[in-house]
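Residue numbers (the numbering used here), protein chains in the order written: chain A, 1046 to 1531; chain B, 978 to 1474.
All C-beta atoms in this analysis are idealised placements derived from N, C-alpha and C, irrespective of residue type, glycine included.
Below, the structure written as structure tokens:
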């Protein structure tokens, strides 16, 4: 077993034992935001050492040249992964041998690119150096030279003619112009506006056909067999772990770049030694998925003195968005990523727990029961270092039960000193838990500001004469059109 | 590329302007059109074309010339209508047949998929040959007539070039290969491509020969006799048979896709023209109607936008022409001359003296001219307008009874909507605007709007009872009034007392 160095963890045993629940990934839309591979990596939150190490890696990859190198390495490892999967499921020896040539060719490209990447941050430089050493070994150099020759032979066997008559198939290596090509040439000749379309498929041939191709090209296939017997021992499929690990950096940086184009700010939070979660102007990145052009940021402040808040306000006012901003940025911080905020200092909490409304998952139980089961699961896992985010929990029952259950849950969380936020529509709660609310501008047709604050919006009135209302006064028209009106 | 009889270049085509709905209602365009074009679908299309004013002189001349060709030869118009109507209906037949093929593939498996693909290919091949034949018919109809218009000559010349080209014949020949039989009756040769993982990623048909031909020519014998030493025969079991069927299906599909793409590209060149004949049909009816009513008409000389010109001699109102009791000579014509540097015309007069009729006659002439149609006048020079807009004060009942502020606000809303669209070289018509508030307030408000129009280089014609405006604007715009005496309905220069 090769011991390829991780680019996510400084030591293997620093990986957290309890991953984030899949619900957290889905509730916060992390999977949709950065893809399955990267979100898989994010399920394992880091301690302070790895947070700082990853922050250093991200900072290095902000350099375009380095990002380009990482993207190139990722492309090669993805290719290795794809070919590895085909290689593992090859249907005959001839196919396996040919596939191994192709797989090893991609593997060598990966190793050489990784060796020349010249990364400097601790996690990435360890990776670069490892492959730099590997690629300079004579064994690798010989294998690389051999694979270049063998791979060229794959090109020689790529075109075969099928002559199909009744139940027989004859394979030949000739080639004639196809009808489709002729038709497209006619279209060009007639200057017709035609989009050329060719099939987009990938079909695994059966062993007998491969055997037929082998008979057409015997020397090439015997070269593949020889290559396999010499070099198969040099390949270990554990290399494929880099597919997820590189996807993590690349996907996160991709979303950061996309968000920056929408004027979203990013920062590397400082790792706080005291339990707190403080952010200035934090954004909900998932809004990018909705193509929101203007995302309203909000402050977050959870401290030991006030670790838990209710969040209330009008529908569509931005409560869930706020909660998601809190959760997403925390997950990103705990994975060592830059977060979408202006500035932040955050304690390395042990995990994030979310409880969002789920509509279609529980066919055997009622919704209320499902909510309780999910809550019990959270409490069974969450220690005192986790952050709990509740979104309209207990909104699926009668008002009386909802009020009682909400009150009990909130008091339990508060008494245990848990950090978190609880969105609720229950206004009659008798509790000393502080509240946040979304601000509505009542003076502007109840416009949603998407701002969250402890204060409530103030009423104001609107007045204007009809012409001013429609911007038809002399001054308004003059200013709008840049003309001097009499 | 796509041919059109309405647009020299289809990139200049626009959607009917929604703001014209109200304008056309105020001008009673639908009423006028229904007089000379009693067919609702044709009339609606004609009105839709009117709602897309053409913005270049070339495009208007393009339409005028085509209309003149059709006026000269009624046979050309009827022959082309017939053949292009049939041509446009091909698409629905084609789609219908393609849909009918689908159930054959329901049984699943590669062999039924192959049957489905081959049937699709046959349907497309049939239409390829049909469409190619139509182009030959277009050419024959157009070659029979003496053409002067660029639009019709372009179609004729293109059809001639296409049908003379060998590539056109080759498409026809390839389509003919798939006319008959089923896949089992052919020998196929495919060229396949594999990638660096030995996956089949491409398959193209390079030869298709029916077995009868092979037998009769003794080709089979020769194939096997001449089989190269290197050729490898593979006995097809069930799984290998799937490989061969898959490759064959993909090869046929690729050929069918190419044939479909080429056929569609040819078809699209002329598809949709049959609708455009509705416009020319209605236009010819319009002209015949004017002739019947002895109303003189003229194809206006169109000028560029920057000329800001509307000049017409003996201009008559089309709506009056359409009223059955009127003949051309019963309608009082008016002259109008508005050119570069003129801000606009202010018109006053007693009720029922013809102010609105005049306004309407100018607006209709501008709209018809910009659609490439003749106008009811002895002579006309009209420049293209970037925007034709009107505000007609609405009837009282559209607003809340007794709510003066509400009615005024409604007018302000409409003016604000016009202001949002203003562009230099527009022509704006106002009919009794802002008379729903006090005269002083109304005068002040409209004066601001008229000042804005001046600042933006936009001309207007304004019918109003806000007589203070005449004094305020006496040195800036042309003032006119209707004659109530012996020359009733005639407009004359107004004087300020």
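C-alpha distance - residue i paired with residue j, whole-angstrom precision
i, j, result
"residue 1378 of chain B", "residue 1453 of chain A", "Note that residue 1378 of chain B scores 39 on pLDDT, short of 50, meaning its location in the model is unreliable; the coordinates nonetheless yield the value given after this. The alpha-carbon atoms of residue 1378 of chain B and residue 1453 of chain A are separated by roughly 59 Å."
"residue 1089 of chain B", "residue 1069 of chain B", "25 Å"
"residue 1072 of chain B", "residue 1210 of chain B", "41 Å"
"residue 1463 of chain A", "residue 1322 of chain A", "12 Å"
"residue 1449 of chain B", "residue 1248 of chain B", "56 Å"
"residue 1169 of chain A", "residue 1052 of chain A", "6 Å"
"residue 1210 of chain A", "residue 1043 of chain B", "56 Å"
"residue 1409 of chain A", "residue 1398 of chain A", "Low confidence applies to residue 1409 of chain A: its pLDDT is 49, below 50, so where it sits in the model is not reliable, and the reading given next is rough at best. Their backbone Cα atoms lie some 24 Å apart in a straight line."
"residue 1186 of chain B", "residue 1208 of chain A", "11 Å"
"residue 1150 of chain B", "residue 1060 of chain B", "24 Å"
"residue 1123 of chain A", "residue 1067 of chain B", "48 Å"
"residue 1286 of chain B", "residue 1110 of chain B", "48 Å"
"residue 1514 of chain A", "residue 1426 of chain B", "15 Å"
"residue 1419 of chain A", "residue 1458 of chain A", "15 Å"
Within chain B, partners of residue i - CB distance below 7 Å
i, result
"residue 1231 of chain A", "1144, 1147, 1148, 1239"
"residue 1128 of chain A", "1174"
Beta-bridge pairing of residue i - partner residues as DSSP gives them
i, result
"residue 1348 of chain A", "A/1321"
"residue 1187 of chain B", "B/1163"
"residue 1248 of chain A", "B/1177"
"residue 1439 of chain B", "B/1323, B/1407"
"residue 1465 of chain A", "A/1353, A/1433"
"residue 1170 of chain B", "A/1204, B/1179"
"residue 1228 of chain B", "None; residue 1228 of chain B has no bridge partner."
Close Cβ partners of residue i (< 8 Å) along its chain, the five nearest in sequence each way excluded
i, result
"residue 1048 of chain B", "1261, 1264"
"residue 1077 of chain A", "1331, 1334"
"residue 1191 of chain A", "1272, 1275, 1276"
"residue 1261 of chain A", "1202, 1205, 1216, 1217, 1218"
Chain B contact residues for residue i, given Cβ-Cβ distances below 9 Å
i, result
"residue 1143 of chain A", "1173, 1174, 1175"
"residue 1526 of chain A", "1396, 1399, 1429, 1432, 1433"
"residue 1420 of chain A", "Near residue 1420 of chain A there are no residues of chain B at all, since even the closest Cβ is about 47 Å away, more than 9 Å."
Beta-carbon contacts of residue i that lie in its chain and below 6 Å, excluding the five residues immediately before and after
i, result
"residue 997 of chain B", "1028"
"residue 1500 of chain A", "Confidence in residue 1500 of chain A is poor, its pLDDT being 43 and thus under 50, which makes the residue's placement unreliable; the coordinate value appears in the next sentence. Same-chain partners within the cutoff: there are none."
"residue 1188 of chain A", "1276, 1279"
"residue 1315 of chain A", "1390"
"residue 1254 of chain B", "1058"
"residue 1189 of chain B", "none"
"residue 1508 of chain A", "Confidence is the limiting factor: at residue 1508 of chain A the pLDDT is only 24, short of 50, which leaves the residue's position unreliable and the question unanswerable from this model."
"residue 1170 of chain B", "1178, 1179"
"residue 1200 of chain B", "Because the pLDDT at residue 1200 of chain B is just 48, under 50, the model does not fix this residue reliably, and the value given afterwards should be weighed accordingly. Same-chain partners within the cutoff: there are none."
Contact set between residue i and chain B, taken where Cβ atoms lie within less than 8 Å
i, result
"residue 1470 of chain A", "Near residue 1470 of chain A there are no residues of chain B at all, since even the closest Cβ is about 39 Å away, more than 8 Å."
"residue 1157 of chain A", "Those within 8 Å of residue 1157 of chain A in chain B number zero; the least Cβ separation is about 18 Å."
"residue 1511 of chain A", "1382, 1385, 1386, 1389"
Chain D contact residues for residue i, given Cβ-Cβ distances below 8 Å
i, result
"residue 1393 of chain B", "Absent here is chain D; the protein component of the structure consists of chains A and B."
Extent of the continuous beta strand (DSSP E) run through residue i
i, result
"residue 1356 of chain A", "1353-1357"
"residue 1366 of chain B", "1365-1369"
"residue 1347 of chain B", "No beta strand (DSSP E) contains residue 1347 of chain B, which DSSP labels as neither H nor E."
"residue 1356 of chain B", "1356-1360"
Host alpha helix (DSSP H) of residue i (start-end)
i, result
"residue 1096 of chain B", "1086-1121"
"residue 1263 of chain B", "1250-1269"
"residue 1175 of chain A", "1167-1181"
"residue 1377 of chain A", "1364-1379"
"residue 1077 of chain B", "1051-1078"
"residue 1296 of chain A", "1286-1306"
Under 8 Å from the C-beta of residue i: neighbouring residues of chain A
i, result
"residue 1166 of chain B", "1206, 1207, 1208, 1209, 1221"
"residue 1436 of chain B", "Going along chain A, no residue has its Cβ under 8 Å from residue 1436 of chain B, so there is no contact; the nearest lies around 16 Å."
"residue 1128 of chain B", "Within chain A, no residue comes near residue 1128 of chain B; the closest Cβ sits about 19 Å away, beyond 8 Å."
"residue 1183 of chain B", "1206, 1220, 1221, 1222, 1223, 1224"
Residues near residue i in its chain [Cβ-Cβ closer than 7 Å; skip 5 each side]
i, result
"residue 1380 of chain B", "Residue placement at residue 1380 of chain B is flagged as unreliable, the pLDDT there being 43, under the threshold of 50; the coordinate-derived value follows with that caveat. Once the five neighbours on either side are set aside, residue 1380 of chain B has no close Cβ partner at all."
"residue 1265 of chain A", "1198, 1201, 1202"
"residue 1312 of chain A", "1383, 1384, 1386, 1387, 1388, 1389"
"residue 1046 of chain B", "1053, 1124, 1125, 1126, 1129"
"residue 1352 of chain A", "1462, 1463, 1464"
Amino acids of chain A, ordered along the chain, whose beta-carbon sits closer than 7 Å to that of residue i
i, result
"residue 1223 of chain B", "1248"
Within chain A, the residues that residue i reaches when beta carbons sit closer than 9 Å
i, result
"residue 1230 of chain B", "1244"
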